[in-house]
Amino acid sequence: MSTQVPEQTEEESSADTESQSQSQSAAQQARMQKKRDRAAERDRQKEAEEAEKASSEDDTYLLKVFRYDPEVEGKQEPRFDEFHVPYHQGMTVLDALMYARDEYDSSLTFRHSCRQAVCGSDALFIDGRQRLGCKTQLSDLEEPVRIEPLPHQEVVKDLVVDMEHFYDQMHAVEPYFQTNDLPEGEQLQSRENREKIKMSTRCIWCGACMSSCNIAAGDNKYLGPAAINKAYRFTMDEREGEDMQEHRMEILEQEHGVWRCQTQFSCTEVCPKDIPLTEHIQELKREAVKNNLKFW
Amino acid sequence: MHEHDVIVVGAGGAGLRAAIAAQEEGADVAIVSKLHPVRSHTGAAEGGINAALREGDSWEQHAYDTMKGSDYLGDAPAIETLCQDSPEEVIQLEHWGLAFSRDEDGRMSQRPFGGMSFPRTTYAGAETGHQLLHTMYEQLVKRGIQVYDEWYVTRLAVSDEEDPTERHCHGVVAYDIKSGGLDAFHARDGVILATGGPGQVFDHTTNAVANTGDGPAMAYRAGVPLEDMEFIQFHPTTLPSTGVLITEGVRGEGGILYNEDGERFMFERGYANNDGELASRDVVSRAELTEVNEGRGIEDEYVHLDMRHLGEERIIDRLENIVHLAEDFEGVDPLEQPMPVKPGQHYAMGGIETDENGETCISGLYAAGECACASVHGSNRLGGNALPELTVFGKRAGRHAAGGDLGTAEIETGKRGDWEVGEVDTPVEPGDVSAPGEDVVADGSGGTAAASGGSLSPDEYVQRALDVERERVQTLLEKEEGRQHAEIRADVQKSMTRNVNVFREEAGLKQALRDIRDAREKYQDVYVADKSSTFNTDLIQTIETRNVLDLAEAITLGALARDEFRGAHWRKENQERRDDVWLKHTMLSWEDGRPDLWYRPVVLEGENKTYEPKVRSY
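What follows is the structure in structure tokens.
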């Protein structure tokens, strides 16, 4: 899709600015001719490419998409539907899903919104791995592209999973800044400290890490990588003060907290924001040990 | 029926700030949002939040820059409020723990932004919106504020007096996306619309897919005027293939724009001899398209934005997110190559008409953030002014709705006081396809004013809205064949991008109105193929599409009426700002199923000074 401008503005638009210069006439006409030639050449190429595309199977991608809907008789048994989607340079899995929905089956259901890896709503299980649909290029995948809902979460419909448990775990770590000691104006924070927590603040709550974690899959109470990372974000923030740090460590040291992590790195591997989740969890384990030693 | 004192619709920055403020005022407040709060589009804001925090700067200077940036179409009381309140709001965010970028001395960093006379844009890398959204959501969790997430509000429950300024808003009707049930929400004190921008009216946009202008469309059909809708901001640096935003912070940090010949055209071609790349967004967008149109674009489509000379360290420190975006969505490594960029739809300066307290002409109905128009941006928004807008006016709307006393507003709303009749020559009849008075339930336009004799109790108004909405959803679901929303939406988006873009001309605008009319006719035959009551996105998008149609029409009508060149609105036939005729706001009211055009003068009188329109040069 391109931003188009009415043709007529070409002659007129320079009047809009103070850009008029003496060199306009001859040089510009030569340019315009060059431009028209190039445009014509590109049109010819495009037509040729499209004609080729239409006759060639290579330029479509085959998607195998998980389907399930408890409300619809034909879909109550989970199944995979196949969609052949015409490919264009730069096409992502989300683009392909939208195409399949808009052109073939409007009941195909998935969450998506920002298309730029920040709303976190389109984490999916794509070719056997948790990824964001909007950030995953089709060309990086093996065909047929298998698209499934995130594992270890209840499927609501097609690719939509129930996120309630994920949100509950995030809420369980008191995910909000707490300090009793606020100055009148801004609080200072060192560049180093901001740098230390920076990666942890990038979490977009997509749920990919929780879905990839074996421990979380087996232990429903385990806080899980996302929530522990959220706690890390506050525990390591120097602005909160020591009392709060201790309180946060208590939450993290509980039975289903940091000690459940078995350092499998699957969360770190799938995180679309490259947050070093496993490292953060290990660092908190070390903090916990230090914390306990203090009382001896 | 759910009951709360204050209902906030939408959970982006403005909605969250409003809810927190209402709760602090003692109200029982709930948020109803079609997305979970952390999915809101505020998260995609990159550049920063303007506030006069430092010695050498002042709110007065910020206000002057904003008024000049608005091309003298902003209302002074709103602009002054924005600039006075934003420092306190930024400090508040810092106290809530927002991880702002820091200077060596530990204070929050500020950087230069386009159209600002002082480096007053406070930021968190190039992900300020993400940090802001999550920080405010955390405060929501802390306070235990109730959120109905994945509930789509489809209708306002408004009383039906003949004159909109006498109507009252009693609540909303929402559709539970997960279960397919409709329910009513009675708001004892007020409803706050914070539904964000309408970017989906265009096909090349930085906006999320969810940004379909639901709030403005609902308010419009309930009787609130839409203000200055023609002023759509096109951001000069979006990635050509997807519309993904490359923050103005890149230019703020020293990024340079080049044309195909390697000329730094902002200077070398005289578009902005003083400020160059940091001229305001409308100026840079036009310059880029002029380069392309005159044959100096790359691939005849875009220009280059180069930040390599800033050095890897500075780029990673301040703009790291941009490196990822350019790599993931355009396949370009900006540490090694310049980025391709072109203008894309980014922001709506216009929206639901409110005063500086966030209230509309319908009592009990408020709006804040991008869906609203308190008129702080006029005809062109300066970068870094959207985030303070949503915190400042979100907070004010929340407090006021919950009963807080903010004093009498200086800005008038609705058809009261000083207004003038407008006229515009349209090639087709705008508005509903069916004759006025005919009940068009399927598209949500029927059943508002004067549907019943005598006035009802608040509960009865809410119940009636629910009944009307049930019928609409049922009608949509019962239809077995017809047209699908995706086709209708795509047609309108394409026409808007072709005809109502950076450069506009009469013939194109009229063509857009014809296309919108066609789409309205097709919409009469719309149907929902998915009959499921579980997570029915087909139904949601069908309802959204009707909102897209109404807003596309309002934008185009405003653009056709305003035959001058001001801010982001350029008209081929009229390339001059005409203060003698056009120092006024374009207003559209939905009356009997038709848009009615009228005007209201701009308020240039501030608290202690009156802003004199000057030639805007950078």
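Going down the list, the protein sequences come from chains A and B. Here the first sequence is numbered in the numbering used here, starting from 1 and rising by one per residue. Here the second sequence is numbered in the numbering used here, starting from 1001 and rising by one per residue. Note that the Cβ used here is the ideal one computed from N, Cα and C, for glycine as well.
Below 8 Å on the Cβ atoms is my contact criterion, and I expect residue i with residue j to pass it. Report the Cβ-Cβ distance as a whole number of Å.
i, j, result
"B/L1513", "B/M1229", "Their Cβ separation, rounded to whole angstroms, is 13 Å, which puts B/L1513 and B/M1229 out of contact at 8 Å."
"B/L1073", "B/R1566", "6 Å"
"B/H1004", "B/A1021", "About 15 Å; that fails the 8 Å criterion."
"B/C1371", "B/E1353", "At roughly 11 Å, the Cβ-Cβ gap does not stay under 8 Å, so B/C1371 and B/E1353 are not in contact."
"A/V72", "A/V145", "About 24 Å separates the two Cβ atoms, so there is no contact after all."
"A/M244", "A/A288", "15 Å between Cβ atoms; not a contact."
"A/G224", "A/M210", "5 Å"
"B/A1194", "B/V1008", "6 Å"
"A/A226", "A/W205", "7 Å"
"B/G1414", "B/D1071", "Incorrect: roughly 25 Å between the Cβ atoms, too far for contact."
"B/L1365", "B/V1191", "6 Å"
"B/A1642", "B/A1397", "The structure shown has nothing for residue 1642 of chain B, since chain B only spans 1001 to 1618."
Alpha helix (DSSP H) containing residue i: first to last residue?
i, result
"A/Q169", "E164 to A172"
"A/I204", "Where A/I204 is concerned, there is no enclosing alpha helix (DSSP H), given that its DSSP letter is neither H nor E."
"B/H1569", "Counting along the chain, B/H1569 falls outside any alpha helix (DSSP H), and DSSP gives it neither H nor E."
"A/V270", "S266 to V270"
"B/F1329", "E1312 to E1330"
"A/E103", "V93 to E103"
"B/D1306", "Segment V1303 to D1306 is the beta strand (DSSP E) holding B/D1306; no alpha helix (DSSP H) there."
Residue i and residue j: beta carbons closer than 8 Å?
i, j, result
"A/K64", "A/T109", "no"
"B/G1043", "B/F1113", "no"
"B/L1063", "B/L1387", "Contrary to the premise, residue 1063 of chain B reads as Ala rather than Leu in this sequence. Not a contact, by the Cβ cut-off of 8 Å."
"B/T1545", "B/R1489", "yes"
"B/G1383", "B/E1260", "no"
"B/E1410", "B/E1356", "yes"
"B/A1559", "B/V1500", "yes"
"B/T1205", "B/V1341", "no"
"B/A1157", "B/V1462", "yes"
"B/V1172", "B/I1362", "no"
"B/V1201", "B/L1509", "no"
"B/I1091", "A/G185", "yes"
"B/K1479", "B/A1210", "no"
"B/V1424", "B/A1561", "yes"
Just the chain A side, please: which residues come within less than 7 Å of residue i by C-beta, in chain order?
i, result
"B/W1096", "F177"
"B/F1113", "Correct list: empty, because the minimum Cβ distance to chain A is about 19 Å."
"B/S1533", "E71"
"B/K1142", "Y176"
"B/L1325", "Q116"
Which residues of chain B have a Cβ atom closer than 8 Å to the Cβ of residue i, listed in chain order?
i, result
"A/R239", "G1097"
"A/H171", "V1141"
"A/Q76", "Here the premise fails: no neighbours, minimum Cβ distance about 11 Å."
"A/I300", "Residue 300 of chain A lies beyond the stretch modelled for chain A, which goes from 1 to 296, so this question has no answer here."
Starting from the beta carbon of residue i, find every residue of chain A whose beta carbon is closer than 8 Å, and list them in chain order.
i, result
"B/H1041", "S113, C114 and C119"
"B/M1108", "E186"
"B/Q1131", "T201"
Check the Cβ of residue i against every Cβ in chain B and list those closer than 9 Å, keeping chain order.
i, result
"A/G331", "Given that chain A is displayed from residue 1 to residue 296, the structure contains no residue 331 of chain A and the question cannot be resolved."
"A/D140", "Simply none; closest approach about 11 Å."
"A/V156", "K1178, T1534 and F1535"
Residues of chain B with CB under 7 Å from residue i, in chain order?
i, result
"A/V145", "Within chain B, no residue comes near A/V145; the closest Cβ sits about 18 Å away, beyond 7 Å."
"A/K135", "D1328"
"A/Q189", "R1102 and G1106"
Grab the span of the beta strand (DSSP E) containing residue i for me, first residue to last.
i, result
"A/F66", "T60 to R67"
"B/G1013", "Counting along the chain, B/G1013 falls outside any beta strand (DSSP E), though it belongs to the alpha helix (DSSP H) covering G1013 to E1024."
"B/Q1345", "M1339 to A1348"
"B/G1190", "L1182 to L1193"
"B/T1586", "K1584 to E1591"
"B/G1215", "Premise fails: B/G1215 lies in the alpha helix (DSSP H), D1214 to A1222, not in any beta strand (DSSP E)."
Residues of chain A with CB closer than 9 Å to the CB of residue i, please, in chain order.
i, result
"B/A1529", "D105, S106 and S107"
Pick out the complete alpha helix (DSSP H) segments inside the stretch 1367 to 1405 of chain B, 4 residues or longer, and give them in chain order. 1386 to 1401
Ranges of the alpha helix (DSSP H) found wholly within the stretch 1027 to 1082 of chain B, counting only runs of at least 4: 1059 to 1069
Those runs of the beta strand (DSSP E) which lie wholly inside the stretch 1234 to 1300 of chain B and span at least 3 residues: 1256 to 1258
Just to confirm the assignment: which complete alpha helix (DSSP H) runs, minimum length 4, are found wholly within the stretch 1115 to 1172 of chain B? 1128 to 1143
For the stretch 106 to 173 of chain A, list the beta strand (DSSP E) runs that are entirely contained and at least 3 residues long, ordered along the chain. 123 to 126, 129 to 132, 145 to 148 and 155 to 157
Please specify which runs of the alpha helix (DSSP H), each continuous and at least 4 residues long, are wholly inside the stretch 1465 to 1541 of chain B, giving them in chain order. 1485 to 1499 and 1506 to 1523
Of the residues that make up the stretch 1204 to 1219 of chain B, which ones have a beta carbon closer than 8 Å to any beta carbon in chain C? The chain inventory of the structure shown lacks chain C, comprising the protein chains A and B.
In chain order, what are the residue ranges of uninterrupted alpha helix (DSSP H) at least 4 long that sit wholly in the stretch 175 to 199 of chain A? 191 to 198
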